[in-house]
Structure formats: structure tokens, C-alpha cells
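The sequence shown begins at 17 in my numbering and counts up one residue at a time. Each residue gets a CB set at the ideal place from its N, CA and C atoms; glycine is no exception. First up is the structure itself, then whatever we jot down about it.
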Amino acid sequence: MADYALINQLLFEGKAAEVERLVRAALDEGRPVAEVLEEGLIAGMAVVGEDFKRAILYVPEVLIAARAMKAGMSVLRPLLVADAANNPSRGTLVIGTVKGDLHDIGKNLVCMMAEGAGFKIVDLGVDQPVENFVAAAREHSADVVGMSALLTTTMPYMKVVVDAFRREDDLRDTFIAVGGAPVNRMFADEIGADGYGPDASSSVDMFLGRVGVA
Ligand code: B1M
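Written out as C-alpha cells, the structure is:
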């Protein structure tokens, strides 16, 4: 029987190999991928976030927990992207974490799920300046540009990117979507983004809506 509390605890302790093993075991016993992701990994990382906020954990411990989270995600990845082969191409998603921000776990989840839904992914990585979003959108004829920010101090940079796209004749109509823990719909509206994704799976639904797949 999958023990999500134990996975949460091991993730908190940064035990990457054990998280990986228990995630694999949960899948082997038939637990759904979404359940393992939500209850095993994301719930564990939420506890890390709480204790980080209260200064019970510090950056090194959080980094180690993030490594354990990524180890668990690496087991889920093949299943999350498996449908890509069965899905027709849905277009191209250019995505990155904005300048000054090094958080990439949530963005990586969005990438995996979007890839599974049939999108070609151009993942710019973290700490991305506006020039890189603009250049990649042009080079790859992006159908959707996604931005992630996890810090209240880096969120405002999303507007810099939106404004740059709106100034360019050939990019003005690009669909720009934003997400990340501190981002909400009101902020997305304020900065002129076209879409806001509270989580990876609803973000992918939004991307599919954009390319005309209900
Ligand atoms: Co950072 N950190 N961190 N951190 N960190 C937060 C964000 C924080 C809330 C922790 C806290 O205080 N509780 C806090 C921000 C506070 C604020 O801004 N007001 C914080 C801080 C302060 C910092 C540093 C400044 C700490 C320091 O150095 N003193 C520093 C900043 C470094 C930098 O970026 N310049 C820092 C560093 C780090 C680590 C490097 C140690 C590590 C990141 C490792 C990595 O990503 N490779 C880290 C982590 C892990 C976190 C927490 C604990 C977890 C983030 C995470 O991965 N969550 C985080 C606490 C929290 O968020 N509660 C915290 C799991 C992930 C699945 O969720 O990213 O929200 P999330 O993604 C979701 C949705 O938001 C959405 O879909 C995802 C999946 O459902 N989504 C999108 C995300 N991006 C999207 C893009 C889209 C659509 C949807 O595009 C369309």
C-alpha cells in the first residue's frame, strides 16, 4: 500500500534514492501518476515550503529536498510524456523561469505535462531575460509563451516580457501565459498576460484551448 506520508517525510529529509524507490513502488502497485505526484511529491514539497518560511529549514536543506523531488519526478516523467507519441502535434510552447529566479520544479512539471499533451517544448531554463523569450518565440514560432516565477521579487519581470512582446509587430498577438506560486489571475490580468495557470494540468488545458483543442 503506497505510503504517501513516508514519501513526504523522505522528500523532506532529502533522501533522493528512497523517494525514487517508493515512487516507483507506488506506480508498480497501480497508483495513478497524478495521485503519486500530488500526494507523494507536491504535498511533501509543501511541507518543505512551510518550514522554509518559518526558518526551520535553510537553503541547503531545501536544495537537497528539491533534489529528492526531482528524483521522484524523473520516475514519473516517462509516464507523463508517454501520450506524446499518441497525440498529434499541438504546437510549440516556449517556456522559462524569469530573470532573477532559479526555481524550476513547477516549470518542469508544466513542460512534462504539455509534452505529454503533444506540445513541442522549448525549455529556456531558469533566470531568463526578456531577450531570450523574444528570440525563442521568433525562432520557434511559438504558439504559447509560458513564464514561471516563484518569488514576489521576480513576478514584476513578467510584465517586462509581456510589454516587449506587445511592442513587436510580429509577436504582439503571441499568447502569453504565466504561473508560479505567488502569481494569480488578477496579477496576470494586470500585466496584460493572456492566461494564468494555477497548476500544471490546468495550464495544459489552457494551452490546448489556445490551439483550438477543447
Ligand atoms: Co525558494 N522560495 N528561494 N528555493 N522555494 C519559495 C518560493 C518561498 C515561497 C519559500 C518560503 O518562504 N515559504 C520563498 C519566496 C517568498 C517570496 O517571494 N515572498 C522562497 C525564497 C525566499 C527563496 C530564496 C530567496 C531563499 C534565499 O536564498 N534566502 C532563494 C531564491 C533563489 C532565486 O531564485 N534567485 C530560494 C531558493 C530556493 C532553492 C534553490 C533552494 C529551491 C529551488 C530548487 C529548484 O526549483 N530547482 C527552492 C524551493 C524548492 C522553494 C519551495 C520550498 C518549493 C518550490 C517548489 O518547487 N514547489 C518554495 C515554497 C513554496 O512554493 N511554497 C520556495 C513545488 C512546485 C511543484 O510548485 O513551483 O508552485 P510550484 O509550481 C506549480 C504551480 O505554481 C504552477 O504549476 C506547478 C505545478 O502544479 N506553475 C506554473 C509553476 N510555474 C508555472 C508556469 C506556468 C504555468 C503554471 O506557465 C504558464
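(request) Using alpha carbons as the reference points, say which of D44, V52 and M61 lies closest to Q25. (result) Q25 has its Cα closest to that of M61, out of D44, V52 and M61.
(message) Assuming contact is defined by CB atoms lying nearer than 8 Å, are V248 and L92 in contact in what I supplied?
(response) This structure cannot speak to residue 248, because the chain is shown only from 17 to 230.
(message) Quick check: what's the CA-CA separation for K69 versus G196?
(response) Using only the alpha carbons, I get a separation of about 17 Å.
(message) Am I right that E226 and Y212 are in contact with their C-beta atoms under 8 Å? What's the rounded C-beta distance?
(response) The residue asked about is misnamed: residue 226 is Arg in this sequence, not Glu. By a beta-carbon distance limit of 8 Å, R226 does not contact Y212. Their separation comes to about 13 Å.
(message) Among D143, G30, A152 and V78, whose alpha-carbon lies nearest the alpha-carbon of F181?
(response) In this structure, A152 is the residue among D143, G30, A152 and V78 with its C-alpha nearest to the C-alpha of F181.
(request) List in chain order: all unbroken alpha helix (DSSP H) runs of 4+ residues lying wholly within the region 179-210. (result) Counting only runs of 4 or more residues that sit fully inside the region 179-210, the alpha helix (DSSP H) segments are 201-207, in chain order.
(request) Please state whether DSSP places M163 in a helix, a strand or coil. (result) Note: M163 maps to strand in three-state DSSP.
(request) Determine the contact status of V177 and V146, defining contact as a CB-CB distance below 8 Å. (result) Contact: yes.
(message) By the three-class DSSP mapping on this structure, what secondary structure does K31 have?
(response) Correct three-state label for K31: coil.
(request) Answer yes or no: do V39 and I58 have a C-beta to C-beta separation smaller than 8 Å? (result) No, they are not a contact pair.
(message) Taking the straight line between their C-alpha atoms, what separation do you get for T108 and F191?
(response) For T108 and F191, the distance between alpha carbons rounds to 11 Å.
(request) Please state whether DSSP places L140 in a helix, a strand or coil. (result) In this structure, L140 counts as strand in the three-state DSSP scheme.
(message) Per the DSSP calculation, L109 is bridged to which residue(s)?
(response) Here L109 is bridged, per DSSP, to I137 and V160.
(message) According to DSSP, is V63 part of a helix, a strand, or is it coil?
(response) In this structure, V63 counts as helix in the three-state DSSP scheme.
(request) Confirm, please, whether the CB-CB distance from A100 to G122 is below 8 Å. (result) Going by C-beta atoms, G122 is not nearer than 8 Å to A100.
(message) Does any residue of chain D have a CB that is nearer than 8 Å to the CB of R106?
(response) Within the model displayed, chain D is absent; a lone protein chain is all it includes.
(message) On the CB-based measure, 16 or more other CB atoms within 10 Å of its CB, does E206 come out buried or exposed?
(response) Under this definition E206 is an exposed residue.
(request) Decide yes or no for the touch test of the region 153-165 against the region 109-117: beta carbon pairs closer than 8 Å, at least 3 of them. (result) With a cut-off of 8 Å, the region 109-117 and the region 153-165 count as touching, because enough Cβ pairs lie within range.
(message) Quick check: does the Cβ of H119 come within less than 7 Å of any heavy atom belonging to the ligand B1M?
(response) Flag set: Cβ of H119 near the ligand B1M.
(request) Would you give the residue range spanned by the alpha helix (DSSP H) that A100 belongs to? (result) For A100, no alpha helix (DSSP H) encloses it, and the DSSP letter there is neither H nor E.
(message) What would DSSP say about G122, mapped onto helix, strand or coil?
(response) It is helical.
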